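In what follows, a structure is listed as structure tokens, so that the remarks can point back to it.
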Amino acid sequence: MKPIDVTRLKEIVGERNIKTDPSDLYVYGSDSSVHHAMPWAIVKPENTSQVQEIMRYANEEIIPVIARGGGSGMCGQTVPIQGGIMLDMKGMNKILEINLADVYCRVEPGVVDDDLNLALKKYGVFYPPTPASSRIATIGGEIANNASGVRSVKYGATRDAVLGMKVVLPNGDLVSLGAHTRVEASGYQLHKLIVGSEGTLGIVVEATLSFVPIPEFRCMGVANFDALKDAGEAIGSIMSSGSIPSMLELVDSVAIKAVNKTMDLGLKEVAAALIFEADGMVKEAVDYEIDKMKKICEKHNGQDIHASYDPKERAKIFMGRKKLFPALSKYDDNLASTSLADDMAVPYSKMAELAGKVHEIAARNNIVMTAYGHCGSGCMHTKILMDTKRKDQWDSAKKAITEVYEYVRSVNGTTSAEHGIGLSKAESFKIEKSDSLNLLAGIKKAFDPNNILNPGKLAQAPEDWVTATNLRYSVNS
Amino acid sequence: MENKIKEFKNLEKWQGTLANCIRCGYCFEHCPMFKHTGWESDAPRAKIITAFGLISGEVEPSESAADKMFSCFYCKRCEAACSSGVPLTEIFTDARKDLVEMGLEGPGTTSITKLNCARCLICVGACPHEARSYDGKNIATDPAKCQACGICLEVCPAGAAKIENDFGTGRDELIERASTFLNTHESSKAIIFACNWSYFPELQASVLPDSETRDNNYEILVNMCGGRLEPQLLMAPFLHNAWGIMAAVCPDDDCQHEGNQRAKKIVENLRNTFKSIDIDPERIQLVQIPAGDKTLFQAEIDTFVVKLNKMGPIR
Numbered sequence: 001m002k003p004i005d006v007t008r009l010k011e012i013v014g015e016r017n018i019k020t021d022p023s024d025l026y027v028y029g030s031d032s033s034v035h036h037a038m039p040w041a042i043v044k045p046e047n048t049s050q051v052q053e054i055m056r057y058a059n060e061e062i063i064p065v066i067a068r069g070g071g072s073g074m075c076g077q078t079v080p081i082q083g084g085i086m087l088d089m090k091g092m093n094k095i096l097e098i099n100l101a102d103v104y105c106r107v108e109p110g111v112v113d114d115d116l117n118l119a120l121k122k123y124g125v126f127y128p129p130t131p132a133s134s135r136i137a138t139i140g141g142e143i144a145n146n147a148s149g150v151r152s153v154k155y156g157a158t159r160d161a162v163l164g165m166k167v168v169l170p171n172g173d174l175v176s177l178g179a180h181t182r183v184e185a186s187g188y189q190l191h192k193l194i195v196g197s198e199g200t201l202g203i204v205v206e207a208t209l210s211f212v213p214i215p216e217f218r219c220m221g222v223a224n225f226d227a228l229k230d231a232g233e234a235i236g237s238i239m240s241s242g243s244i245p246s247m248l249e250l251v252d253s254v255a256i257k258a259v260n261k262t263m264d265l266g267l268k269e270v271a272a273a274l275i276f277e278a279d280g281m282v283k284e285a286v287d288y289e290i291d292k293m294k295k296i297c298e299k300h301n302g303q304d305i306h307a308s309y310d311p312k313e314r315a316k317i318f319m320g321r322k323k324l325f326p327a328l329s330k331y332d333d334n335l336a337s338t339s340l341a342d343d344m345a346v347p348y349s350k351m352a353e354l355a356g357k358v359h360e361i362a363a364r365n366n367i368v369m370t371a372y373g374h375c376g377s378g379c380m381h382t383k384i385l386m387d388t389k390r391k392d393q394w395d396s397a398k399k400a401i402t403e404v405y406e407y408v409r410s411v412n413g414t415t416s417a418e419h420g421i422g423l424s425k426a427e428s429f430k431i432e433k434s435d436s437l438n439l440l441a442g443i444k445k446a447f448d449p450n451n452i453l454n455p456g457k458l459a460q461a462p463e464d465w466v467t468a469t470n471l472r473y474s475v476n477s
Numbered sequence: 478m479e480n481k482i483k484e485f486k487n488l489e490k491w492q493g494t495l496a497n498c499i500r501c502g503y504c505f506e507h508c509p510m511f512k513h514t515g516w517e518s519d520a521p522r523a524k525i526i527t528a529f530g531l532i533s534g535e536v537e538p539s540e541s542a543a544d545k546m547f548s549c550f551y552c553k554r555c556e557a558a559c560s561s562g563v564p565l566t567e568i569f570t571d572a573r574k575d576l577v578e579m580g581l582e583g584p585g586t587t588s589i590t591k592l593n594c595a596r597c598l599i600c601v602g603a604c605p606h607e608a609r610s611y612d613g614k615n616i617a618t619d620p621a622k623c624q625a626c627g628i629c630l631e632v633c634p635a636g637a638a639k640i641e642n643d644f645g646t647g648r649d650e651l652i653e654r655a656s657t658f659l660n661t662h663e664s665s666k667a668i669i670f671a672c673n674w675s676y677f678p679e680l681q682a683s684v685l686p687d688s689e690t691r692d693n694n695y696e697i698l699v700n701m702c703g704g705r706l707e708p709q710l711l712m713a714p715f716l717h718n719a720w721g722i723m724a725a726v727c728p729d730d731d732c733q734h735e736g737n738q739r740a741k742k743i744v745e746n747l748r749n750t751f752k753s754i755d756i757d758p759e760r761i762q763l764v765q766i767p768a769g770d771k772t773l774f775q776a777e778i779d780t781f782v783v784k785l786n787k788m789g790p791i792r
């Protein structure tokens, strides 16, 4: 560990905005992933000039810096594998401007997604990329990850909603990237490059985001399937039919069982369920989309198909999906739900096969895996449920993950749809992008010659994710 | 690092459960301490991470680690919301028991007794968690039992019971926030005091531009438990020209500290006082809101503001 000049950091941000006690550092060394490592200090800047001063200091002394929002990353994006200063960006939490005439808002990176949408709601608009973690995820973290969510099938991911940003570079310089306009063809779209860069290129200190009108009508439906394959094929059919769902979600039997154990929703324990939604300003248009999707589900042996405009009924249909991620811990008392092989994307025509493959690979490796997600945007989520105390289960998990991503790559899929790479998906990422790794390294070098921003991630991540850091589980040897 | 699990006789049994916490962080939006300080190390997730660190030997039992475990108002919102079913406050309590055995007692949010204690023993009888006792000389608080409900603070005639680190829920800070709002917003009319169980504001950690807040009619202040409402707190907004105040507490069978019944009595007394001095008692309202029922709470606030608009300011 390199000595940190705590006095200098206190002069920059004030004593109340810095923590160095080991018990605080330990907490910040975790996120929602399986990884853990200790930062050397936590610093909470309140404004851009503080961020610049911190970066100048860190760059002079070659100290790693990791920017952190809500700490809800699933792959170890904010786990400080090489130590360093953790920048808790939640101190920069102002919504700066809501510009209805020009259809954008400007926010600081620590603004929480749900807070932004609460502020926009009274104007009849919303910021759509909203991931499931929107209640704590910050805009800066969502930008770092190119986050997306249930409505991305229609409205796109973070990259589609970001018009521009201000970024502090590793040397402390402040640059303005992108624009405040819907379209821009003024040279390299560097703001789009920062989106999804997982804090390795620059620190976002302000973002300009577009928003869209809240639709007047939303209708949500659900269809049950006795075969996972049928549900997967229905997804492909819906997306290739010209339908425009505003939501298209899959939950499998493992997920349904977990939800039923946690909540008293009484979901039918079938092989799979699809949740679909259409929205818009004209009810007849929404009716048309819903009817089309219902018919496609029927064609693929869907049962108990029903849909509703009623907000309470929609909330009930969606509640299971909303609480699914934490509910997986209740699937089996002896198994913990781990954030591993947590997401991927494949072409629609391969959705059904992928869902089946996940279950097949899990069974072969003696672990449990679930398949669910925003399948309308090609995104599949999985989780590995295993006895985390047993080393052989970790070996099985490692093998299963390699097999799952081998399949994903073989069908022209991609390693991550929306959760990012971090540490735990680096193995597949490096294979997938093997022909552009030099290019990525060059870009990283151009932005960050001293490699201080979130080092050891993405293409720099260690091969073996299991031993890359401490695991946040007790594993018997 | 050496596994220290055997040193934690109470925490030991939760080892498997600690793995069930998926560290999603969704508990942040329920925790008043995290909302007050903005530090993740004050959130429920931090305590689960710390508990794991203690039994794995990765965190040394220290005063600062103990302080985290002893800082909790036991509103149990995090536990109610946890879809992984982690019994957070039971884990916190067991961690406290072990830390007390090691000679580490916080203080965290444990209520302490200052030297001006009159030994009247009212707090001992009033404590719903049997955390306070008299040893013949002094009042002692069991830090493993204290749930920081603050009722001892409100019943102590000498003002000797204190929660030193109250994370913004103390009377003086709440009065200051109320007065700041009333004095800086021309359209301000009401202060709403809400208990942390019934009121669910989501995270609301972000700051809106002035243009979005300048016309606000009311401000909601979380004072943790209806049992901690006291006349001085409820009357203070009227000194700064509030048109009315509302207190939101748990429904009758929901309060873990029996605070809602105390709140009802205090509000009723104040309404009678207002009546006796010819001020409309309807300017003081108490509502009972089931856990996190935002729709009902907002409806009650909206109805109250309409009523206040008809009444106008107190002349």
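Chains as they are written, first to last, in my numbering: chain A, 1 to 477; chain B, 478 to 792.
Cβ coordinates follow ideal geometry from the N, Cα and C atoms, glycine included.
Computed from a prediction, not measured in an experiment: that's the story for all the values here.
| Asked | Found |
| --- | --- |
| Stretch pair the region 175-184 of chain A + the region 43-50 of chain A: three plus CB contacts closer than 8 Å | no |
| Neighbour list for ASN497(B) in chain A, Cβ cutoff strictly below 7 Å | SER329 and ALA336 |
| Which listed residue (LYS771(B), ILE525(B) and ARG522(B)) has its alpha carbon closest to that of ASN673(B) | LYS771(B) |
| Best match in HIS381(A), ARG390(A) and LYS350(A) for proximity to ILE367(A) [C-alpha to C-alpha] | ARG390(A) |
| Touch test, the region 441-460 of chain A against the region 197-204 of chain A, Cβ-Cβ under 8 Å, three pairs minimum | yes |
| Burial state of VAL306(A), where buried means 16 or more other Cβ atoms lie within 10 Å | Rather than Val, the amino acid found at residue 306(A) in this sequence is His. By the neighbour-count rule (16 or more Cβ atoms within 10 Å), HIS306(A) is not buried but exposed. |
| Residues of its chain near GLY420(A), where Cβ-Cβ distance is below 8 Å and the 5 sequence neighbours each way are ignored | GLY73, MET74, CYS75, GLN77, ALA144, ASN145, ASN146, GLY196 and GLU198 |
| The region 249-259 of chain A / the region 368-379 of chain A touching (three or more Cβ pairs under 8 Å) | yes |
| contact_flag[the region 377-396 of chain A, the region 332-339 of chain A] where n(CB pairs < 8 Å) is 3 or more | yes |
| Alpha-carbon spacing of ASP575(B) relative to PRO3(A), whole angstroms | 34 Å |
| First and last residue of the uninterrupted beta strand (DSSP E) at HIS306(A) | 303-308 |
| Start-end ranges of the beta strand (DSSP E) lying completely within the region 697-784 of chain B, minimum 3 residues | 721-726 and 761-765 |
| Residues that TYR26(A) bridges to, as DSSP identifies them | DSSP, once it has assigned bridges, lists no residue as partnering TYR26(A). |
| For TYR611(B), the residue or residues it bridges with in DSSP | ILE616(B) |
| Partners in chain B for ASN93(A), counting only beta-carbon separations shorter than 7 Å | ALA682, SER683 and VAL684 |
| Proximal residues of chain A, C-beta to C-beta of GLU537(B) below 9 Å | PRO22 and SER23 |
| Burial state of ILE791(B) (16 or more Cβ within 10 Å) | exposed |
| Assigned secondary structure, MET478(B) (DSSP; H/G/I helix, E/B strand, else coil) | Reliability fails at MET478(B), whose pLDDT of 48 lies under 50, so the model's placement of it is uncertain and the value that follows must be treated cautiously. In this structure, MET478(B) counts as coil in the three-state DSSP scheme. |
| Coarse secondary structure for ASP343(A), derived from DSSP in three states | strand |
| Own chain, CB closer than 6 Å to MET478(B), minus 5 neighbours either side, in chain order | Unreliable positioning characterises MET478(B) in this predicted model, as indicated by a pLDDT of 48, which lies under 50. The coordinate reading is nonetheless provided below. The answer, listed in chain order, is GLY534 and GLU535. |
| Classification of ALA110(A) by the beta-carbon crowding that lies within 10 angstroms, buried from 16 upward | The residue asked about is misnamed: residue 110(A) is Gly in this sequence, not Ala. Buried, since its Cβ has 16 or more Cβ neighbours within 10 Å. |
| Chain B contact for MET1(A) (CB, 7 Å cutoff) | no |
| Neighbour-count burial assignment, GLU663(B), 16 or more Cβ in a 10 Å radius | exposed |
| ALA484(A) vs ILE139(A) beta-carbon contact at 7 Å | There is no way to answer for residue 484(A), as the model of chain A reaches only from 1 to 477. |
| Distance CB(PRO605(B))-CB(HIS734(B)) smaller than 7 Å | yes |
| Uninterrupted alpha helix (DSSP H) stretches inside the region 631-687 of chain B (no shorter than 4 residues) | 648-661 |
| Length at least 4, wholly inside the region 395-450 of chain A: the alpha helix (DSSP H) runs in chain order | 426-432 and 437-447 |
| Closer than 7 Å to chain B by CB, LYS229(A) | no |
| Given 8 Å, three or more beta-carbon pairs between the region 675-692 of chain B and the region 610-630 of chain B | no |
| Residues of the region 560-574 of chain B with Cβ closer than 7 Å to any Cβ of chain A, in chain order | SER560, SER561 and GLY562 |
| Element boundaries [alpha helix (DSSP H), containing PHE569(B)] | 565-578 |
| Interface residues of the region 500-516 of chain B facing chain A [CB-CB below 8 Å] | ARG500, CYS501, GLY502, TYR503, PHE505, GLU506, GLY515 and TRP516 |
| Beta carbon proximity, ILE526(B) to chain A, threshold 7 Å | yes |
| Nearest-angstrom beta carbon gap, TRP720(B) and LYS787(B) [assumed within contact, 8 Å] | That belief does not hold up - the Cβ atoms of LYS787(B) and TRP720(B) are roughly 10 Å apart, past 8 Å. |
| Rounded C-alpha distance that separates ASP226(A) from ASN476(A) | 39 Å |
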